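Asker:
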Amino acid sequence: MLTGGAGLFASAVQNTLTRQNVGPLGVFIRSGGTVGIFAAMGGTYEFVKTASANLREKEDHWNVALGGFFSGAILGLRARTFPALLGYGVALATATGAFEYTGGSLFGHKKNTDIDEFERREQIRKTYRIPAEQTLAELGEGRGIYGPGYAERRAERIKEAYGIEVPTTAPAS
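Residue numbers (the numbering used here): 840 to 1012.
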């Protein structure tokens, strides 16, 4: 569906770049084959990628490369020569396989979906957990970090500095 939409866009661009005005139906009449080729490429890519993953029982870059080869071969069919068929297939297989092998994203490495997110976060908490005594010793009290007996120590400091009695517990009402 997505590649069919891309094909429709490419066909519309081809239609606007023609010398004579063929009207809005020229998208389908003059360059409609582009829509079909793009749609067939997308469908073939997904089918071969999924079928090879199912048959091989693995999710890796080879499935993507196989899908890329067959969809590139469909693009090569337009040239009607066997070398073009193989060339386009190998080129698209290399591009898609390398893209998937290096992470499959233009925006960084994608998450590993095999690991449960809750278990991953628990593992991080266990790995980087620091005892409260060590945190208090390094940072000191304040800024939301208070050790046991903080209210009593605070009341004592205020009484020494300013002579004001500060209740450490709320009075019962």
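Virtual Cβ for every residue (Gly too), placed ideally from N, Cα, C. In this text the structure is predicted, and so the values were computed from the model without any measurement.
Evaluate the contact criterion for the segment 847-867 versus the segment 885-894: three or more CB pairs, one atom per stretch, below 8 Å.
Answerer: No, they do not touch.
Asker: State the start and end residues of the unbroken alpha helix (DSSP H) segment that holds residue 918.
Answerer: Walking along the sequence shown from the start, residue 918 turns up at place 79. First-last for residue 918: undefined, no H or E at that position.
Asker: Measuring CB atoms only, is the segment 922-939 touching the segment 898-914, in the sense that at least three cross pairs come out at less than 8 Å?
Answerer: Touching, yes.
Asker: Of the residues 1006, 941, 986, which one's Cα is nearest the Cα of residue 995?
Answerer: Within the sequence shown, the letter at position 156 stands for residue 995. Out of 1006, 941, 986, 1006 has the C-alpha closest to the C-alpha of residue 995.
Asker: Does the distance from the C-beta atom of residue 873 to that of residue 907 stay below 9 Å?
Answerer: Within the sequence shown, numbered from 1, the residue matching residue 873 stands at position 34. Within the sequence shown, numbered from 1, the residue matching residue 907 stands at position 68. Taking 9 Å as the Cβ cut-off, residue 873 and residue 907 do not qualify as a contacting pair.
Asker: Between residue 919 and chain E, is any beta-carbon pair separated by less than 9 Å?
Answerer: Included in the structure is just one protein chain, with no chain E present.
Asker: Round the Cβ separation of residue 904 and residue 936 to the nearest angstrom and send it over; I've been treating them as touching at under 8 Å.
Answerer: Residue numbering aside, residue 904 sits at position 65 when the sequence shown is read from its first letter. Residue numbering aside, residue 936 sits at position 97 when the sequence shown is read from its first letter. 3 Å between Cβ atoms; contact.
Asker: Using CA atoms only, rank isn't needed, just tell me which of 896, 869, 883 is closest to residue 843.
Answerer: On the sequence shown, residue 843 is found 4 positions in, with the first residue counted as 1. Ranking the options by Cα distance to residue 843, first place goes to 883.
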